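To start, the structure under review is shown below, and the notes come after it.
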Amino acid sequence: MDKVKEYKGNNAKNEACPPKRNTLSHPCLRDNWYKAIIQSSPDGFLLIKHPEGNILDADDTFCDMLGYNLDELLSMKIDDIEVGFDEAPDTMRRRISEVEKTGRVSFETRHRRKNGKVIDFAVTLSYLDEGLAFGFHRDITRQKNKQKREQANLKQKEKALKEIEGRYRTLVDLGTKIGEAMVMLQDFNGKEGIHTYVSDQWLEITGYSREELLGMSFFDLIRTIDRRLSVKRHRQKMSGETIPDLFELTITHKDGKEIPIEVTSAVTNYRGKLTNVAYIRDITDRKQADKALKESGQRYHTLFENAPVAICEADYSGAKKIFDDLKKQGVKDFSAYFEKNPYKIYSCYTIPMASYINPKLLEIKGAQNVSEMRDRLEHACKSKNEYWQSCKRTMVDLAEGRTQLSRETRVSTIKGHMMTTQEHIIVAPGYEDTLSKVFIYYFDITDLKNKEKELREYQEQLEKMVEERTANLSEEIDRRIEFTKLLVHELKTPLTPMIAASEVLTHQKNSEFKIISQNLYEGACALNRRVDELLDIARGEIGMLDIKTEPCDIIKLVKKISDEMLYLFRSRNQTLALKIDTTDNIIEVDPERIRQVLVNFLDNAFKFTPIGGRIILRIKSCKDNLLFEVEDNGLGIPDNEKEQIFESYYSRKKSDYSHTGIGVGLTLAKMIIRLHGGEIGIRNAENQGSIFYFLLPLKSRVNA
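Residues 6 to 709, numbered by the numbering used here, are exactly what the sequence shown covers, in order.
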């Protein structure tokens with residue numbers, strides 16, 4: 006592909022695809038972390054300046070909730086939309102204090118829409134160190150209204166029940182205690198426990214309609230294994246016997262599913278008949294939670310016992326009381342306090358009760374049992390050694406409110422072996438105020454620390470070796486530079502008079518003598534250029550090649566070069582065509598260095614183009630660059646040689662004609678163009694031959 010065309014295409018693509026605008030305007034919300042939170046939440050998002058309350062940003066969901074557009078919200082504060090903000094300053098101050106202390110707070114509040122309507126929200130507010138707070142708002146207006154209606158309905162029912170005769174007072178008492186499904190059971194014609202009244206909740210629990218339940222025995226719903234005991238309880242109740250109110254049983258839903266329920270009942274008179282009034286609660290969720298909790302405990306115990314990591318679960322609530330008492334006494338610097346009162350560390354450390362210690366911890370401590378390990382650690386804690394220092398740091402961090410700690414400690418095992426452990430101490434979420442559940446993880450990193458020590462020693466040895474080798478290399482470079490200077494001097498010293506003498510001889514009138522002197526002059530000049538190229542290559546390889554740019558009429562320079570080399574192409578009956586398609590003729594370059602590149606390109610074209618061949622030198626504008634191309638109709642360059650052709654001392658292979666050169670011209674050309682901030686390359690011509698090209702920036706991009 007034509008590199009020039011590819012260059013244009015990439016620019017065109019970039020211009021046609023401007024960057025997308027972030028839908029949230031605040032700069033911090035352009036971070037992937039914030040966007041991931043916002044995009045995954047169905048709730049309204051609000052960013053405010055803390056604690057001033059200025060609204061900094063909001064998402065579309067929040068704007069839709071309140072009926073404002075984003076520009077309107079950005080000109081407001083939180084107290085402009087929050088109902089009761091000025092009426093409850095103490096509540097607001099507590100909220101600000103809590104979010105600054107814990108980093109997150111949840112609460113319910115009310116916001117006023119643009120149309121004046123008030124909406125209830127459940128808000129989760131998080132605090133950032135940068136003085137920002139962001140909250141997710143969930144509309145709970147319907148939920149609140151439903152609760153209000155339910156409360157209103159409950160009050161109406163309670164009022165109605167109070168106005169009824171004594172048979173309803175029992176229902177009110179039971180309703181206060183349980184408040185779920187309610188049924189009235191009576192005995193008719195030898196059938197016991199017939200439904201004479203059912204609440205809506207009972208319909209929902211059983212799956213039957215009211216028509217299906219009225220007239221059906223309550224005991225027909227109970228599974229067989231519970232039925233006999235339930236009938237017995239019903240008879241005891243109806244006979245006036247006093248038995249415990251609360252009991253559990255299982256009923257069968259209409260679709261066959263078993264549902265555990267909790268029942269409380271009492272006997273009263275209804276329409277002149279004894280009635281067993283029962284309040285019923287569906288305890289499916291509770292049973293499932295109990296089962297899940299039991300299974301979770303079993304899984305936790307199994308994982309704890311078999312974990313490959315040493316783990317201890319401890320209760321630090323006693324230590325927390327000591328911390329609180331010390332704070333009340335005015336202690337602020339716990340580190341200094343424990344240094345003066347080392348026995349307090351022992352008190353804080355020995356008070357905690359280890360709820361669980363897994364076998365892996367006993368293994369790395371080298372203990373047979375928990376008692377042996379505790380005795381050893383208590384002894385170490387009393388000795389004020391390195392382990393005591395570790396205990397002190399832990400107690401200081403916990404006293405100052407840190408909930409996640411990590412440190413390395415060197416301790417002695419029960420058998421007296423020194424070991425290094427990495428300890429991670431984590432206060433379980435929800436237990437920050439009591440410290441009653443703290444997990445401690447121990448990792449034996451003794452081998453790792455030994456390897457690190459070996460690695461450091463090896464690294465120091467390597468650095469010493471590198472330093473020695475660098476010194477040797479520096480000396481070698483200095484010797485090479487000096488040798489290059491001497492070589493150039495030795496070569497150029499005899500060349501200078503040769504060039505001068507041959508130039509004088511070319512002006513003699515003897516034509517045969519003139520031809521010989523002309524060849525001598527050209528050969529001496531060519532040798533002089535090769536010496537200069539070798540010197541430039543050496544400079545480039547050690548970073549000493551430089552350019553001196555100046556405003557240059559590049560078209561004038563190119564024409565001069567083509568005129569000077571015209572005689573060379575005529576010697577092999579070759580044609581040189583100059584094609585210029587640009588009006589940008591003045592650019593900032595080093596004229597002599599650009600001359601070197603163009604002469605090298607044209608000289609190569611001369612060598613690798615057959616007798617009678619054609620060479621074209623093009624110059625044209627290309628975006629912000631000027632493109633130079635030298636095209637020939639020679640043999641072309643195989644694809645496997647294109648990447649190597651600009652390497653130092655690489656020489657192209659030819660079969661039908663010979664050439665001279667040691668393969669440094671193109672390497673030097675690449676160095677020069679790169680120093681100008683340009684690009685250089687080669688591609689195949691359309692028919693046969695090669696196109697060598699380079700790009701020069703119209704505006705200077707010179708590389709130091």
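The beta-carbon is built from N, C-alpha and C at its ideal position, and this holds for glycine as well.
Just so we're clear, the structure is a prediction, and the values are computed from it rather than from any experiment.
Backbone CA spacing between residue i and residue j [nearest angstrom]
| i | j | result |
| --- | --- | --- |
| Ile101 | Gln206 | 42 angstroms |
| Asn578 | Gly617 | 5 angstroms |
| Lys149 | Phe126 | 9 angstroms |
| Gln409 | Gly323 | 19 angstroms |
| Ala157 | Ala319 | 48 angstroms |
| Glu267 | Ile256 | 10 angstroms |
| Asp620 | Leu478 | The amino acid occupying residue 620 in the given sequence is Ile; Asp does not appear at that position. Using only the alpha carbons, I get a separation of about 45 angstroms. |
| Thr28 | Ala63 | Annotation note: pLDDT 45 at Thr28 (below 50); position unreliable, no value reported. |
| Gly58 | Ile83 | 5 angstroms |
| Ile696 | Thr475 | 42 angstroms |
| Glu691 | Gln464 | 56 angstroms |
| Pro556 | Cys68 | 59 angstroms |
| Val471 | Glu457 | 20 angstroms |
| Val2 | Lys122 | The question about residue 2 has no answer here: the residues shown for the chain are numbered 6 through 709. |
| Asp225 | Glu263 | 13 angstroms |
| Ile687 | Leu540 | 25 angstroms |
| Lys454 | Glu473 | 29 angstroms |
| Gly136 | Arg407 | 21 angstroms |
| Leu562 | Ile585 | 12 angstroms |
| Gly694 | Val602 | 19 angstroms |
| Arg143 | Gly49 | 7 angstroms |
| Leu673 | Met549 | 13 angstroms |
| Asp330 | Val314 | 35 angstroms |
| Tyr662 | Glu569 | Confidence at Tyr662 is low in this model, with a pLDDT of 41, below 50, so the placement of that residue should be treated as unreliable; the coordinate-derived value is given next. So the alpha carbons of these two residues sit roughly 24 angstroms apart. |
| Gly335 | Glu437 | 21 angstroms |
| Phe193 | Thr201 | 10 angstroms |
| Thr580 | Lys564 | 15 angstroms |
| Asp637 | Leu532 | 25 angstroms |
| Arg575 | Phe611 | 10 angstroms |
| Thr307 | Ser411 | 25 angstroms |
Segment limits, beta strand (DSSP E) that includes residue i
| i | result |
| --- | --- |
| Ala312 | That residue, Ala312, is in no beta strand (DSSP E); it is neither H nor E in DSSP. |
| Ala63 | Ile60 to Ala63 |
| Asn630 | Asn630 to Asp637 |
| Gly212 | Unbroken run through Gly212: none, as it is neither H nor E. |
| Thr255 | Phe252 to Thr257 |
| Glu652 | Counting along the chain, Glu652 falls outside any beta strand (DSSP E), and DSSP gives it neither H nor E. |
| Gln191 | Ala186 to Phe193 |
| Ile621 | Arg619 to Cys627 |
Assumed close pair residue i, residue j - CB separation to whole angstroms, cut-off 8 angstroms
| i | j | result |
| --- | --- | --- |
| Tyr321 | Val443 | 5 angstroms |
| Val635 | Leu671 | 12 angstroms between Cβ atoms; not a contact. |
| Leu703 | Ile592 | 6 angstroms |
| Leu71 | Ile60 | With a Cβ gap of about 11 angstroms, Leu71 and Ile60 do not count as contacting. |
| Met221 | Leu279 | That pair is no contact at about 19 angstroms. |
Distance CB(residue i)-CB(residue j) smaller than 8 angstroms
| i | j | result |
| --- | --- | --- |
| Thr588 | Ile624 | no |
| Ile445 | Cys317 | yes |
| Lys296 | Ile350 | no |
| Gly641 | Asn689 | yes |
| Glu413 | Thr425 | yes |
| Val604 | Ile566 | yes |
| Leu254 | Phe223 | no |
| Arg573 | Leu622 | Note that residue 573 is Leu in the sequence shown, not Arg. The answer is no: Cβ separation not under 8 angstroms. |
| Pro265 | Lys292 | yes |
| Ala271 | Phe328 | no |
| Glu428 | Pro364 | no |
| Arg109 | Ser131 | yes |
| Tyr447 | Ile362 | no |
| Thr229 | Leu218 | no |
| Glu216 | Arg286 | no |
Boundaries (first-last residue) of the alpha helix (DSSP H) holding residue i
| i | result |
| --- | --- |
| Met570 | Ile559 to Arg575 |
| Leu700 | Segment Ser695 to Pro702 is the beta strand (DSSP E) holding Leu700; no alpha helix (DSSP H) there. |
| Asn609 | Pro596 to Phe613 |
| Glu103 | Pro94 to Thr107 |
| Val336 | Counting along the chain, Val336 falls outside any alpha helix (DSSP H), and DSSP gives it neither H nor E. |
| Gln373 | Per DSSP, Gln373 belongs to no alpha helix (DSSP H) and is neither H nor E. |
Q) Counting pairs of beta carbons, one from the stretch 233-252 and one from the stretch 187-207, are three or more of them closer than 8 angstroms? A) yes
Q) With a cut-off of 8 angstroms, do at least 3 Cβ pairs link the stretch 106-122 to the stretch 75-91? A) yes
Q. Counting Cβ pairs closer than 8 angstroms, one from the stretch 633-650 and one from the stretch 684-704, do we hit at least three?
A. yes
Q: Could you say if the stretch 670-684 and the stretch 596-615 meet the contact criterion of at least three C-beta pairs nearer than 8 angstroms?
A: yes
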